[in-house]
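These protein sequence lines map, in sequence, to chains A and B. Mapping to the numbering used here: the first sequence position 75 is 75, numbers consecutive. Numbering-wise, the numbering used here comes out as the position in the second sequence, counting from 1, plus 404. Heads up, the beta-carbon is just placed ideally off N, CA and C, and yes, glycines get one too. Have a look at the structure below before the remarks.
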Amino acid sequence: MELKEKLRILADSAKYDASCSSSGSKRSNDGGIGNAAFSGICHSFSSDGRCISLLKILMTNACIYDCKYCINRKSNNIKRAIFSPEEISSITINFYRRNYIEGLFLSSGIIKSPNYTMEKIIETVKLLRHKYKFNGYIHAKAIPGASEYLIKELGLLVDRLSANIEFTSNDSLKLLAPNKETKKAEDIMNYIKLSKSRKFVPAGQSTQMIIGATKETDYDIISKSENMYNNYKLKRVFYSAYISVNKDNLLPTLEVPPLRREHRLYQADWLLRFYNYKVNDLLDKNNPNFNILLDPKADWALRHLEEFPKEINKASYYDLLKVPGIGVKSAKRIILSRKHFKLDYNDLKKMGIVLKRAKYFITCNNKYFISENYFNKNFIKTNLILEDKETINNNISQLSLFNE
Amino acid sequence: MNNIYIYNNNFISLLNLINILIINNTKPDNIKQIDYNPTLFDNLIKLNIDNNENIINIIIKNTSKNILKTMYYLYLSRDDNKELIIYYFYKNSLKYKDNIYSMRNLKCVSEALKISQYVSRENHKFKGFTRFKELKNNILYAEINPTNNIIYILAIHFKKRLSNEYFIIKDITRNIFSIYDKKDIYIVNGDNFRLYEESHKSDFIEDLWKEFYKTIGIESRKNNRCRMNFMPKKYWKYIVEMSDEI
Ligand code: SF4
């Protein structure tokens with residue numbers, strides 16, 4: 001088979017993995033080729049608006065497993081291909097030299113056994129690191145079920161390792177992926193967390209969940225994320241809107257992937273990691289799904305309107321962060337600037353703070369932006385929903401690419 | 405009449421001039437490069453400024469490294485009034501030192517930081533968007549069309565990762581090249597430098613990349629507006645996987 005066709009097949013079967021981040025590593029170039037940029041670099045953007053940072057491919061799509069949701073499952077009648085370690089290395093280096101990519105994201109269908117697959121991945125990464133002296137970014141999949149000594153060896157070579165949890169419960173996973181067990185993925189996460197060496201997986205680990213293939217609620221999903229962030233010190237959880245690639249009576253047939261829902265989950269995930277929110281602030285058993293019309297922070301603010309408006313010149317850092325439209329950067333700017341000046345609306349504008357959404361939830365020197373009679377739930381809600389509609393179409397995949 | 409002070413088309417000269425103006429308590433109406441075309445109301449003033457690089461140390465001593473860096477990024481910007489913005493930014497920095505970064509409510513500060521961040525962001529974008537092709541003698545060659553004059557700071561980035569390669573980056577708009585010879589970076593004007601080398605006609609690696617690019621997008625998630633937001637069309641011409649789509 002021609003190399004070009006192989007690349008097409010093996011990129012095509014890898015493209016459903018959401019992760020393409022190249023951040024979090026400071027690997028430097030010692031006489032070879034490449035280094036890693038801590039903040040990550042996007043080299044291109046695909047037709048779906050997602051960042052292309054890494055050469056994202058499978059080593060092979062000839063998998064011995066039969067996960068129901070996966071295009072590469074054994075029972076599908078599709079073209080199969082396999083890359084040799086040398087082929088992968090040479091494409092990576094050639095793409096890297098021309099500045100097409102930051103590095104490699106290598107995953108694979110299961111060949112023979114988890115251990116055999118891992119050995120092949122290790123062989124490839126070794127070739128890149130040792131023969132080609134490649135110091136760019138490498139993200140590899142740890143294959144659940146592989147032996148610990150292999151995870152250890154791979155972890156010392158790559159920047160990031162990930163094992164996909166796929167679904168929040170073992171039952172869902174067993175149903176759709178009979179050969180998989182949640183515990184096996186979590187064992188890997190735990191092993192990575194416990195490692196003390198700084199050279200081991202320097203950019204940390206991530207995982208991914210599939211959204212909308214099973215009955216799990218947003219509450220189930222985001223609780224699982226919170227739990228994994230706490231237990232395994234994950235850098236990122238990625239959410240991947242389920243795309244119907246196979247027909248199966250255990251799976252829903254979706255015309256379009258649930259992108260809105262995915263977007264809301266990314267927003268909520270962001271609130272957990274940087275804004276000090278807990279899952280229970282956002283959702284609970286009686287209210288288990290995010291509002292599709294409003295982002296989780298605005299939704300929260302509207303349900304807690306008694307806490308607002310916040311006075312810009314007085315509110316604490318975490319209170320400022322609760323204001324829809326004010327992010328980490330803006331909150332920091334406000335805190336720093338108000339040491340020197342009393343801030344009014346004009347100052348905020350000059351400071352580059354976007355008031356479009358924030359204005360409903362703040363006062364400046366005790367002044368609301370219009371008559372205070374308008375400070376009520378219905379007025380604010382209507383306006384926010386209108387504005388959210390505008391931005392969401394532009395930025396739907398933006399949150400998934402925010403740097404860590 | 406507007407008093408326009410003139411400097412010698414380089415950063416060191418500009419810093420020296422600004423330093424003199426501030427020491428003498430002179431308030432310029434504007435500061436311009438030597439090739440500036442004056443209007444009827446302009447009074448051009450050329451002070452006797454030296455090109456002493458020690459000015460770098462003076463600036464750092466009076467303010468900070470960070471502030472010098474911001475001034476340098478401002479200098480690289482395309483903004484018509486950048487010299488005056490640098491002057492006021494420096495003047496305020498003498499007073500506020502690094503606190504200046506939290507004084508965005510002063511107009512000259514917010515303007516300065518906005519512009520320097522624009523330069524920095526554009527540089528970051530080109531760390532991704534620059535596309536090299538291979539010339540026949542293994543030299544890597546890229547053409548870019550940035551809005552700001554980032555070719556030098558961009559070359560510093562590539563020097564680190566491609567330290568064992570020869571590379572040349574051309575800024576198409578300004579007709580300048582940055583050249584790396586596996587040791588140092590040189591900035592050369594296009595009037596004094598011509599590239600005779602040709603690249604290979606059919607490029608297998610480039611074809612592979614285009615194939616990868618086409619494949620990796622998910623049809624059912626197609627979102628052209630979002631792509632355009634992140635990768636503005638004005639850059640497409642020199643991004644090899646996009647150039648066919650224009
Ligand atoms: S293990 Fe399952 S999800 Fe992974 S490639 Fe094989 S069939 Fe697909």
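Exposure of residue i, with buried meaning 16 or more beta-carbon neighbours within 10 Å
| i | result |
| --- | --- |
| residue 327 (chain A) | buried |
| residue 167 (chain A) | buried |
| residue 130 (chain A) | exposed |
| residue 178 (chain A) | exposed |
| residue 397 (chain A) | Residue placement at residue 397 (chain A) cannot be trusted, given a pLDDT of 47 that sits under 50; what the coordinates show is reported in the next sentence. By the neighbour-count rule (16 or more Cβ atoms within 10 Å), residue 397 (chain A) is buried. |
| residue 631 (chain B) | buried |
| residue 405 (chain B) | exposed |
| residue 340 (chain A) | exposed |
| residue 374 (chain A) | exposed |
| residue 521 (chain B) | exposed |
| residue 409 (chain B) | buried |
| residue 354 (chain A) | exposed |
| residue 523 (chain B) | buried |
| residue 491 (chain B) | buried |
| residue 295 (chain A) | buried |
| residue 228 (chain A) | buried |
| residue 171 (chain A) | exposed |
| residue 405 (chain A) | The question about residue 405 (chain A) has no answer, for chain A in this structure spans 1 to 404. |
| residue 400 (chain A) | Interpretation of residue 400 (chain A) is limited by its pLDDT of 47, a score under 50 that renders its predicted location unreliable; the figure taken from the coordinates is listed afterwards. Flag for residue 400 (chain A) reads buried. |
| residue 409 (chain A) | In the structure as shown, chain A begins at 1 and stops at 404. Residue 409 (chain A) is therefore absent and cannot be evaluated. |
| residue 210 (chain A) | buried |
| residue 472 (chain B) | buried |
| residue 16 (chain A) | buried |
| residue 561 (chain B) | buried |
Check: residue i C-beta below 7 angstroms from any heavy atom of ligand 1
| i | result |
| --- | --- |
| residue 82 (chain A) | no |
| residue 40 (chain A) | no |
| residue 109 (chain A) | yes |
| residue 37 (chain A) | no |
| residue 625 (chain B) | no |
| residue 48 (chain A) | no |
| residue 163 (chain A) | no |
| residue 18 (chain A) | no |
| residue 72 (chain A) | yes |
| residue 65 (chain A) | yes |
| residue 177 (chain A) | yes |
Nearest candidate by alpha-carbon position, reference residue i, set the options
| i | options | result |
| --- | --- | --- |
| residue 597 (chain B) | B:613, B:579, B:643, B:436 | B:579 |
| residue 572 (chain B) | B:544, B:587, B:470 | B:544 |
| residue 532 (chain B) | A:140, A:212, A:103, A:121 | A:103 |
| residue 535 (chain B) | A:158, A:97, A:259 | A:97 |
| residue 112 (chain A) | A:101, A:334, A:64 | A:64 |
| residue 241 (chain A) | B:624, B:504, B:568, B:648 | B:624 |
| residue 558 (chain B) | B:469, B:569, B:582 | B:582 |
| residue 405 (chain A) | A:262, A:169, A:139, A:101 | Lying before the first or after the last residue shown, residue 405 (chain A) is absent from chain A, which here runs from 1 to 404. |
| residue 100 (chain A) | B:650, B:622, B:612 | B:612 |
| residue 291 (chain A) | A:308, A:305, A:384 | A:384 |
| residue 264 (chain A) | A:239, A:349, A:251 | A:239 |
| residue 67 (chain A) | A:181, A:50, A:153, A:148 | A:181 |
Contact belief for residue i with residue j at Cβ below 8 angstroms, rounded distance in angstroms
| i | j | result |
| --- | --- | --- |
| residue 427 (chain A) | residue 33 (chain A) | Outside the displayed range of chain A (1 to 404) lies residue 427 (chain A), so it cannot be described from this structure. |
| residue 41 (chain A) | residue 22 (chain A) | 6 angstroms |
| residue 109 (chain A) | residue 60 (chain A) | 5 angstroms |
| residue 141 (chain A) | residue 89 (chain A) | At roughly 17 angstroms, the Cβ-Cβ gap does not stay under 8 angstroms, so residue 141 (chain A) and residue 89 (chain A) are not in contact. |
| residue 554 (chain B) | residue 526 (chain B) | 6 angstroms |
| residue 160 (chain A) | residue 205 (chain A) | 7 angstroms |
| residue 151 (chain A) | residue 188 (chain A) | 6 angstroms |
| residue 417 (chain B) | residue 455 (chain B) | 6 angstroms |
| residue 320 (chain A) | residue 310 (chain A) | 7 angstroms |
Bridge partners - residue i, DSSP secondary structure assignment
| i | result |
| --- | --- |
| residue 139 (chain A) | A:105, A:160 |
| residue 237 (chain A) | A:207 |
| residue 570 (chain B) | DSSP output for residue 570 (chain B) lists no bridge partner at all. |
| residue 582 (chain B) | B:573, B:591 |
| residue 44 (chain A) | A:52 |
| residue 360 (chain B) | Lying before the first or after the last residue shown, residue 360 (chain B) is absent from chain B, which here runs from 405 to 650. |
| residue 409 (chain B) | B:435, B:449 |
| residue 284 (chain A) | A:287 |
| residue 362 (chain A) | A:310 |
| residue 134 (chain A) | A:33 |
| residue 60 (chain A) | A:82 |
| residue 166 (chain A) | A:209 |
| residue 367 (chain A) | A:364 |
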